[in-house]
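Visitor: In my numbering, the protein residues as written are 7 to 286.
Glycine included, each C-beta is placed from N, C-alpha and C at the ideal position.
Keep in mind the model is a prediction, meaning the values are calculated, not measured.
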Amino acid sequence: MVSIEAGILYVVATPIGNRGDMSPRAIETLKGVDRIAAEDTRRSTPLLRDFGIDTPLIPFHEHNEWRLGPELIEKIVSGESVALISDAGTPLVSDPGYHLTRAALEAGLRVVPIPGPSAPIAGLSVAGLPTDRFLFVGFLPPKPGQRSNELERLREWTATLVFFEAPHRIEAALADMARVLGGERRATLCRELTKTFETVHHNSLAGLCDFVGADPNQRRGEFVLVVEGAPAKSGELDEEVERIATILADELPVKQAAALTAKITGAKKNAVYQFLVASG
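Below you can see the structure in the form of structure tokens.
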């Protein structure tokens, strides 16, 4: 049984598609709070109705966040409990809410997460790419020139890259990724995750361009793209590898620190050893 406390902002994750992913804790929280701030009440109402949730809804989106945020903070300060939900998934991940949570914290209020579905994490979990370090990019700029510039800035990142993309831009975005990042890079296209027509397709970026271009159905729905990071340059170590190696070298002999760093990170032991010797 979830105990709802007064004067708290609850950040509640909801399904990204499959209603079976709604957690019992999320349901009880949404039933128990005084009001729910929803990104789009038209989309949230059917979901809440399915779970017998009749808590008052108020629209809270990017166009009214600045105006409505202070009002919500006042209500929470006065003792109300408020839940924040987005259209789907975990709030604040490419959705409104940052300013509200920041204001709540600055007012000395508790912000409590009710975790659950998240499209970027779902995509990462099935991509077969490294997940120890990843960069969530979200949506790329819609204009071709700005999109290419952003991809240029990401081209040398060695961490796995995670993108959202809209159906009407998916072909152009993939083409730009293949051109700027390299068509040979491994990538996974996740379309309509957890929904009836879910697609998870593994290929190179060039291969994904062909796959999407050949089938109009693969240009519909909501997309998560997970793209392999850039390869580490010969003779260079990732910054995180260097950080770990340096910490271990403070406590262990250089050879042991290099061996343990290599075991933890997958880096080449000789390269780590050479870095530690060179850095003194």
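Counting contacts by CB-CB distance shorter than 7 Å, is Gly95 in contact with chain D?
Guide: Although the question refers to chain D, the structure presented lacks it and comprises just one protein chain.
Visitor: Considering only the alpha carbon of each residue, which of Ala179, Arg49, Pro121 and Ser9 lies closest to Leu195?
Guide: Considering only alpha carbons, the answer is Ala179.
Visitor: Ala263 to Ala238, Cα distance in whole Å?
Guide: If I take the Cα positions, the gap works out to 20 Å.
Visitor: Check for me: the beta strand (DSSP E) holding Pro150 runs from which residue to which?
Guide: Note, Pro150: premise wrong, no beta strand (DSSP E); alpha helix (DSSP H) at Pro150 to Leu160.
Visitor: Just the Cα atoms here: how many angstroms apart are Gly235 and Met7?
Guide: Whole-angstrom Cα-Cα distance: 43 Å.
Visitor: Short check: CB of Thr267 to CB of Ile253, under 7 Å?
Guide: In this structure, Ile253 does not lie closer than 7 Å to Thr267 by Cβ.
Visitor: Specify the secondary structure class of Arg116 as computed by DSSP and reduced to three states.
Guide: Strand at Arg116.
Visitor: What does the alpha-carbon distance come out to for the pair Ser84 and Gly114?
Guide: Those two C-alpha atoms are separated by around 13 Å.
Visitor: As a quick exercise: from Asp60, Pro119, Pro97 and Arg41, pick the residue whose alpha carbon is nearest that of His67.
Guide: Answer by Cα proximity: Pro97.
Visitor: Along the alpha helix (DSSP H) that carries Pro30, what are the first and last residues, could you check?
Guide: Counting along the chain, the alpha helix (DSSP H) containing Pro30 begins and ends at Pro30 to Gly38.
Visitor: In angstroms, rounded to a whole number, what distance separates the CA positions of Ile22 and Leu199?
Guide: Roughly 7 Å separates the two Cα atoms.
Visitor: Between the stretch 134-153 and the stretch 165-176, can you find at least three pairs of beta-carbon atoms closer than 8 Å?
Guide: Yes, since at least three Cβ pairs between the stretch 165-176 and the stretch 134-153 fall closer than 8 Å, the two stretches touch.
Visitor: Which same chain residues, not among the five before or five after Arg197, have their C-beta less than 6 Å away from its C-beta?
Guide: Result list for Arg197: Thr205, Gly227 and Phe229, in chain order.
Visitor: So Thr267 is in the alpha helix (DSSP H); what residue range does that whole segment cover?
Guide: Val260 to Thr271 is the extent of the alpha helix (DSSP H) around Thr267.
Visitor: Please report the straight-line C-alpha distance between Glu156 and Ser100, rounded to a whole angstrom.
Guide: Roughly 17 Å between the two C-alpha positions.
Visitor: Is the distance from the Cβ of Val117 to the Cβ of Ala110 below 7 Å?
Guide: For Val117 and Ala110, yes; Cβs fall inside 7 Å.
Visitor: By the DSSP assignment, the alpha helix (DSSP H) with Ala12 in it spans what residues?
Guide: Premise fails: Ala12 is in no alpha helix (DSSP H) and is neither H nor E.
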